[in-house]
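A.B. asks: My questions all concern the structure below.
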Amino acid sequence: MTEALKRTLGTCYYPEHWPEEIWEADARRMKDTGLTWVRVGEFSWSRLEPVPGDLHFEWLDRAIDILGKAGLKVVLGTPTATPPRWMIDKHPDMVAVDAHGNPRKFGSRRHYCFSHEGYKQESDRIVKLLAERYGRNPYVAAWQTDNEYGCHDTILSYSDAARTAFRLWLRDHYGTIEALNRAWGNVFWSMEYRSFEEIDLPNLTVTEPNPSHTLAFRRFSSDQVAVFNKRQVETIRAHSSAPISHNYMGRITDFDHFKVGDDLEIATWDSYPLGFLEDRVGAAPDHQRTYARQGDPDFQAFHHDLYRAVGKGRWWVMEQQPGPVNWAPYNPAPTKGMMRLWAWEAYAHGAEAVCYFRWRQAPFAQEQMHAGMLRPDNADAPALQEAKQVAEELRSAPDVSSPQAPVALIFDYDADFAWAAQPHGAGLSYFQLVFDVYKALRKLGLSIDILRPETRDFTGYKIVAAPGLIHMPEDLKRALSGCSAQVLLGPRTGARDKNMVIPVPLPPDIPGLDVTVTRVESLRPDMPLALKKSGTAAGCFRGYREELEGAADIVLELENGEPAAFSNGHMTYVGGWCDEEGWLHLLRDLCKSARVQTFEVSGGVRCRDTDGTRIWTNYGSDPADTPAGRIEAAGVLFENL
Amino acid sequence: MTEALKRTLGTCYYPEHWPEEIWEADARRMKDTGLTWVRVGEFSWSRLEPVPGDLHFEWLDRAIDILGKAGLKVVLGTPTATPPRWMIDKHPDMVAVDAHGNPRKFGSRRHYCFSHEGYKQESDRIVKLLAERYGRNPYVAAWQTDNEYGCHDTILSYSDAARTAFRLWLRDHYGTIEALNRAWGNVFWSMEYRSFEEIDLPNLTVTEPNPSHTLAFRRFSSDQVAVFNKRQVETIRAHSSAPISHNYMGRITDFDHFKVGDDLEIATWDSYPLGFLEDRVGAAPDHQRTYARQGDPDFQAFHHDLYRAVGKGRWWVMEQQPGPVNWAPYNPAPTKGMMRLWAWEAYAHGAEAVCYFRWRQAPFAQEQMHAGMLRPDNADAPALQEAKQVAEELRSAPDVSSPQAPVALIFDYDADFAWAAQPHGAGLSYFQLVFDVYKALRKLGLSIDILRPETRDFTGYKIVAAPGLIHMPEDLKRALSGCSAQVLLGPRTGARDKNMVIPVPLPPDIPGLDVTVTRVESLRPDMPLALKKSGTAAGCFRGYREELEGAADIVLELENGEPAAFSNGHMTYVGGWCDEEGWLHLLRDLCKSARVQTFEVSGGVRCRDTDGTRIWTNYGSDPADTPAGRIEAAGVLFENL
Amino acid sequence: MTEALKRTLGTCYYPEHWPEEIWEADARRMKDTGLTWVRVGEFSWSRLEPVPGDLHFEWLDRAIDILGKAGLKVVLGTPTATPPRWMIDKHPDMVAVDAHGNPRKFGSRRHYCFSHEGYKQESDRIVKLLAERYGRNPYVAAWQTDNEYGCHDTILSYSDAARTAFRLWLRDHYGTIEALNRAWGNVFWSMEYRSFEEIDLPNLTVTEPNPSHTLAFRRFSSDQVAVFNKRQVETIRAHSSAPISHNYMGRITDFDHFKVGDDLEIATWDSYPLGFLEDRVGAAPDHQRTYARQGDPDFQAFHHDLYRAVGKGRWWVMEQQPGPVNWAPYNPAPTKGMMRLWAWEAYAHGAEAVCYFRWRQAPFAQEQMHAGMLRPDNADAPALQEAKQVAEELRSAPDVSSPQAPVALIFDYDADFAWAAQPHGAGLSYFQLVFDVYKALRKLGLSIDILRPETRDFTGYKIVAAPGLIHMPEDLKRALSGCSAQVLLGPRTGARDKNMVIPVPLPPDIPGLDVTVTRVESLRPDMPLALKKSGTAAGCFRGYREELEGAADIVLELENGEPAAFSNGHMTYVGGWCDEEGWLHLLRDLCKSARVQTFEVSGGVRCRDTDGTRIWTNYGSDPADTPAGRIEAAGVLFENL
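Protein chains in written order, with this note's numbering: chain A, 1 to 641; chain B, 642 to 1282; chain C, 1283 to 1923.
Right, dumping it as structure tokens:
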């Protein structure tokens, strides 16, 4: 599906942080390390334009020239994530406002509201200047827009600019205020509006706002990101034919990455396996302790697969953790070997490039404790050695490869918005549900393609899993109903219409699936509901459960005999949130029906198939045995298929 | 004490949520279910007055007519808990302000400050319009003012309107600023004021404000509710002779319900046994897990007894949980049978009516996940079946009955304000203390009357418990001292004067009780103080303990021999917060002295006596044996006395 | 080092709280109790100046006269911690602003911002009036400025006044904006400023601000306290020759006490052993439970040693806990004997005076539950009896003594600011690190001098410990390198330059110590790194660890053989945060090398040496054996040396 490309390495470099005298030596050393790519510029606005209108691009010209002449390809970032201090004087109301109503001040980064038109024009302006100057530069081989949209909780803004834009967005989407009132059920609690101008942002209400209101605000906020990004893309495209990318983050689901990705050639992401472990993976403390120096064995893989889809096949790791980071609650050093392992895990999932962040550790400012490939004193840091090893290995490695996987898993940002608007039980999230299914699939040795929710053609897949799709359009229902794959649905499938209203007939209401959810409940974490399959224990439901009726075949039961999952032909509906054992029971059956071969991995061992090779990784602290032989702790093993 | 009335059932109905075509079928189905009452109107302001002054009562006329003609009696609610969006334009400063200084915005409900005169006039106006129109309507058999005062933490408001009103209230209560300074001890920390205009609301101070200041603000805030409610009542009374009620909530103690109740004929409350379990019962996690599908075995009973007192004998459950709710941290489904059990528990405590909330689950807006008697698709939900069974049983049931109980328990909202102003130890609350004593009394098989703190005549009671009455007026001291019941006092009895100052002589200073509290301490939860009675273990104190001196008889000791409780004639003073075992030891002795027969229930089994019948309930998950025979899990048992 | 002085007792008295008729009896009773000192006036502004400019000093004249004539020496406090309500009208913007942007309102105390010039002039004015009137009063034998700087988190203020003053402070310290940008590394994330006027306070930023920015703001905030205090001192000195003091608090590290202390003759502090136990000692719950009635065995001693240094040898306990306090999460009563023990612990560390707070418990306002030496009803409280015993014992006790200790421990407030600006791992704090080392030294039976970081002459010390000194000036490095003591360094020694930038060469970069920290990591609390010494277990690192290289001798290893601590001649560098066992292993070796005799105390037993006497204290609940004989629980034992 993607064109054949060499796997490459790279790094992120900030020439403005270092004396110009050492740029050339740095460039040579990068090249000697085996790097292909170097990203520059994305935080440099105060050096490009220290005073409004006073432009200083010469230093960047020289930096790009030095890097390019050393044989490196440059990714040029637009600097809009860090507008200089003077921008605040020009546009005092450009900053985002938090949910408590506090403006988010200058002094770090991402201090802008996506809805502020004045700032969007500034963004267009600086991007145009860059595109004009570097659009045909022979060394600029790719672009990056902005940096890490959504990082530091920067999508949802409760500013005046956002309020005004939200009202326009609502008018565009609903046409009349009567239609909106009807769609949201605003007759409830006398919340009816007489005009769009009466609608406020859904923060600081006495008790929770209407979930339809919240969902609309989340969709609006997501769209603002896509518009902001698209304006940059169009400006660059007018002057450059190099591919354009954006570097997404781990588990940021506040905007629809697929929509942003539609306007870009390449998706990249910033992979910090240890940094993510504490607050984003969602694991229990003992798991966090076990993998404190390696990262979760599935979290990176999930994002690799996700961003491969977002990039329509083309994707990179733009920032790869190179040692301890500075920003997590705890910042341990990775086990020796992990910086190589993480790179190979990325290549196994089809990455074109893996760029270590950053070249040399900066001794100053917020990220002074963030490791680099070099130490602040210019000595080699451990990442440099591991990168060299990867570079060596890449010489004899095959091209980028990402064959269609046997299993598809649908991921829908809009569903995540809806779950966030109404989790129904404390701690329930769509992302976590999908990730739980993903982990169980990985435990069965399977390679997975993540699909966007607009997918209607499932040709070639033997299994399609679509858990938690709370709003499922009719044509997707029909496509799943009509496809030849084994399909896994539930819980909450089709539980709401697109305005967050319960549909009648009751969900899931899918052709060919005789199941109805008659009542749902959320559960304390300490009250699991035991499951059984053909009379034997089969894990449990935790946190969420649905009461089911229907004429389909019961394939999983609660201990008390009530149905827990039904199958109807090739479709299986599960009425609850399984634990790992529960998912494995369900998925093993699906694999059997779909004639997909499985082999269960254990501990920290995982694998993924590329064309002709199965790449094994071991996140564990001990060597382990695989069907392909013994794999060291923190090791990588290549098996010919 | 109350007139003989038939026990009845009812529901809450929102005709404005449904097409007019189905109102009649709904009404018939209610009647067929065996319902007597239907509450309407309390959130419908935007449909009654979609534009200021543009009134649309015709639909409500028709709805009431249809319901009435079907044989149902209507409770008409005033819609003041949900002023429409246009009200905010008329009165931008009408919203309450939270303790952090943030206005609480439109977008849900209860978005008004009780001190805002402009809004109070709007409230009077809409109530007058309703009263004029429906005051003589034959089907409107009762009224409800507003909805759930205090829900969503809406009593304490830090708005400009509240500040102004608070200053006037203080002037009314203290007369001169010198008197206030003296009463509060404002010489401390130079907090003296020169005029009432200098006094601010007690939020956002550098460290805690003067507890006298906090207590005054809580009393003021409580009084504002009573005034708001009284204005509605007087407006309705001018046009209607139907009884007027308000639907209180569980464990909302921010206003004095007795004062509000003084102006009403009937107290009602909204009973959500599962919804309350997580955040309001105050139980440990294992108890929450055990009763996750049944609710706490005592929490409803306590409120039944409390609101019987608030209603001066007349009380209902206005909203009875009919299945899972939407608003608790976790929202499980009730065990089959509980919706019947809860109704019988209410009748056992003298309820005239039990109304399930709501008739049909709304598929939209905030409460879309709140179950109803019907599902959103109009099918019967489990509550409907259980209501039918209750209706059937009621046919042969005796009238409403609430004979005087042998045990009285005083509940004083003002004491709760004072404890909140100064808990002295983390987590200590007056409500929890009184509820702990209540639970122990229930464990002994006793029926209880809750009394308001103004009670002076205790004739007929064999035991009077008055724990935690931090301010005890002299005439109450005399009344307790002079009554013939066994009296349980302490801890903190009379520990403060009415301005929150420690009195001299030191507390409790009660005639005929030779006990003095010389020092008090609060304790970490993990440092219980073991108690002994006549040398054997008798539970422990937890959280709070007083050092006692006196010539009375020591009836409970600490392990080290220091006195823990004294008895002097018919009065017992306990100098600490007992655990369950400690309370049981004390209360068994009191019962013996008072010649009150006890029998100890266990697990989830409880009972209450009405005239001629002891009604047993089993909140447990297993059948249990009682003196009256075996009772099923979630079962109800009727024993003739 | 300090002049010979009699050890004395005292109390804190608020004549304005009591009728004038009882002042004389109070004074007599104080004298009879054996008290020497009585502090007055520090919260009395509203009585001294009830209306702006309307002064009423007569009552204070009379109070001082009565106390003085009874034979008591008066400490007169300036009342600036509690400006009256009218001050807010004069200076509405004088209040501090919290980190969320909320002004901190009138209604308790310390409601002023140290940067507000208008308030500083008011402070000067009232202090001048007091100094003029009482500067030569024969009974005023000492002064106190303000009260508990920093209590209730009052050092960091985000007000407009603070912003303006911060910019001026930055200009003073950096000269040019270019110098500041360079020193802070503001090129990072385009944070460069064009002028000092562009710099805001480091709150409410999108993600963390530049740690250099935070550190500068903390230094500025600390300096504001010193300036505020110095203005009071200079005003008093113009009229009085009595010594001037300030009463510091426990574990408040938001300002540099040494800088404030430079302007004062005496340091005092307010010692609340039980109040501090829950939130300030940093102990685990079981330790908190064990010592709930005694206080931590080392926390008071640490502050005694610290404030002896702050006071340049002269120090008091100005407020000694006399029973339960009112302000901690839990407020238990002390074990009988502790109020005597705490006094003797203070004398053992060289205190000149111990004053119990307060004379009589106030029945009103915020501290109504704070015990006194008398109960509110004027009866003796337990503290009075214990104070009498101490007074009796003092009659035959030697003079104040504080010989140089064998061990020195450097404490640097600036290092605490820097750690707070960048803890790197959740929960890591400089104070806790130093306190952990202090505790281990106490466990070895050692007496300790705490030294300020400006110390360069270590003559006479056998051991100098300087853990965690994140910025170490070159001359301190040389002084430590050149001294004859055994020196303990690390972790984080010299890890940043004075602007919070990582230095090159990498730390610690100390002459004569061949050790380099090549990488650091912070660790989850549940992943300790086991240590070994000569092959046997020797505790572990927790929370923080450094990778070390060097040619010095390895004296402690990780289990995997990597170096954990190096010694180079008389200098030892430890690359991590040890647990108690780890510190003990390291310190025992140092003591052996330094020929310092140790004896390990256990449980709650501790000792300290004064001239000729070793004073033993037992914080435990059971009697214990010491080399000097048996010591009772809560007991004190005097051993002649």
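A virtual CB, placed ideally from N, CA and C, is assigned to each residue, including glycine.
For the beta strand (DSSP E) containing B/H887, list its first residue and its last residue.
C.D. replies: Run containing B/H887: 885-889, per the beta strand (DSSP E) assignment.
A.B. asks: Report the start-end ranges of each alpha helix (DSSP H) in the stretch 1829-1887 of chain C that is 4 residues or longer and not cut off at the edges.
C.D. replies: Whole alpha helix (DSSP H) segments, 4+ residues: 1862-1876.
A.B. asks: Determine, using beta carbons only, whether A/P79 and A/W45 come nearer to each other than 7 Å.
C.D. replies: Result yes, Cβ atoms of A/P79 and A/W45 sit closer than 7 Å.
A.B. asks: Is there a Cβ from chain A that is less than 7 Å from the Cβ of C/F1470?
C.D. replies: It does: the Cβ of C/F1470 has a partner Cβ on chain A nearer than 7 Å.
A.B. asks: From what residue to what residue does the alpha helix (DSSP H) around C/N1900 run?
C.D. replies: That residue, C/N1900, is in no alpha helix (DSSP H); its beta strand (DSSP E) goes 1895-1900.
A.B. asks: Could you work out which residue in B/R1249, B/E1273, B/G1245 is closest to B/G1261 when comparing CA atoms only?
C.D. replies: Considering only alpha carbons, the answer is B/G1245.
A.B. asks: So that I know if they touch, is there some Cβ in chain C lying closer than 7 Å to that of B/I877?
C.D. replies: B/I877 does not count as touching chain C.
A.B. asks: Under 8 Å Cβ to Cβ from A/L506, same chain only, skipping five residues before and after it: list those, please.
C.D. replies: Excluding positions up to five away in sequence, the list reads T516, V517, T518.
A.B. asks: Which residues in chain A have a C-beta closer than 8 Å to the C-beta of B/F684? List them in chain order.
C.D. replies: In chain order: F188, W189, S190.
A.B. asks: If B/A1106 sits next to B/V1161, beta carbons under 8 Å apart, how far is it from one beta carbon to the other, in whole angstroms?
C.D. replies: With 8 Å as the limit, B/A1106 and B/V1161 do not qualify as a contact, their Cβ atoms being about 20 Å apart.
A.B. asks: Let me know the alpha helix (DSSP H) ranges lying completely inside the stretch 1672-1710 of chain C, each 4 residues or longer, listed in chain order.
C.D. replies: Runs found: 1695-1703.
A.B. asks: What is the DSSP secondary structure of B/F1005, counted as helix, strand or coil?
C.D. replies: Three-state result, B/F1005: coil.
A.B. asks: Answer with buried or exposed for B/S800, where buried requires no fewer than 16 other C-beta atoms within 10 angstroms of its C-beta.
C.D. replies: It counts as buried.
A.B. asks: Using the Cα positions of C/A1703 and C/R1445, report the straight-line distance between them to the nearest angstrom.
C.D. replies: Their backbone Cα atoms lie some 18 Å apart in a straight line.
A.B. asks: Name, please, each residue of chain A whose Cβ falls closer than 8 Å to the Cβ of B/K746.
C.D. replies: Neighbours of B/K746 on chain A, chain order: D200, N203, L204, T205, V206.
A.B. asks: Since C/V1409 meets chain B, which of its residues come closer than 9 Å, beta carbon to beta carbon?
C.D. replies: The contacting residues do not exist; C/V1409 stays about 15 Å from chain B at best.
A.B. asks: Looking at C/P1484 and C/F1499, is the spacing between their C-beta atoms short of 7 Å?
C.D. replies: Yes, the Cβ-Cβ distance between C/F1499 and C/P1484 is below 7 Å.
A.B. asks: Can C/R1367 and B/V847 be called in contact, C-beta distance under 7 Å?
C.D. replies: Cβ atoms of C/R1367 and B/V847: not closer than 7 Å.
A.B. asks: When you check each C-beta in the stretch 354-382 of chain A against every C-beta of chain C, which residues fall closer than 9 Å?
C.D. replies: Answer in chain order: Q361, A362, P363, F364, A365, Q366, E367, Q368, M369, A371, R375, P376, D377, N378, A379, A381, P382.
A.B. asks: By a C-beta neighbour count over all protein chains shown, 10 Å radius and 16 as the cutoff for buried, is B/Q1238 buried or exposed?
C.D. replies: With fewer than 16 Cβ atoms within 10 Å of its Cβ, B/Q1238 is classed as exposed.
A.B. asks: Report the neighbours of B/V692 on chain A: residues whose CB is nearer than 9 Å to its CB, in chain order.
C.D. replies: The answer, in chain order, is R194.
A.B. asks: Distance, Cα to Cα, A/P363 vs C/R1464?
C.D. replies: Going by the C-alpha atoms only, they are around 12 Å apart.
A.B. asks: Give the straight-line distance between the Cα atoms of A/G539 and A/D579, rounded to the nearest whole angstrom.
C.D. replies: Rounded to the nearest angstrom, the two C-alpha atoms are 6 Å apart.
A.B. asks: I'd like to check one pair, B/A704 with B/R669: are the Cβ atoms closer than 7 Å?
C.D. replies: Against a cut-off of 7 Å, the Cβ pair of B/A704 and B/R669 comes out as no contact.
A.B. asks: In whole angstroms, what separates the C-alpha of A/Q288 from that of B/H814?
C.D. replies: When rounded, the distance between both Cα atoms is 59 Å.
A.B. asks: Look up A/L384 in the DSSP assignment and say whether it is helix, strand or coil.
C.D. replies: If DSSP states are grouped into helix, strand and coil, A/L384 belongs with the helices.
A.B. asks: Using DSSP bridges, identify the partner residues of A/R630.
C.D. replies: According to DSSP, which records beta bridges pairwise, A/R630 is partnered with A/D625.
A.B. asks: Since I believe C/C1433 is in contact with C/M1369 (beta carbons under 8 Å), could you give me their beta-carbon distance rounded to a whole number of angstroms?
C.D. replies: The Cβ separation is near 19 Å, so there is no contact.
A.B. asks: Taking 7 Å as the threshold (beta carbon to beta carbon), is C/M1270 in contact with chain A?
C.D. replies: Residue 1270 of chain C is absent from the structure shown; chain C starts at 1283 and stops at 1923.
A.B. asks: List the endpoints of the continuous alpha helix (DSSP H) containing C/V1509.
C.D. replies: Unbroken alpha helix (DSSP H) run through C/V1509: 1493-1519.
A.B. asks: Which residues bound the beta strand (DSSP E) around A/Y356?
C.D. replies: Counting along the chain, the beta strand (DSSP E) containing A/Y356 begins and ends at 353-356.
A.B. asks: For the pair the stretch 1805-1823 of chain C and the stretch 1881-1896 of chain C, tell me if three or more CB-CB distances fall below 8 Å.
C.D. replies: Output reads no: the stretch 1881-1896 of chain C does not touch the stretch 1805-1823 of chain C.
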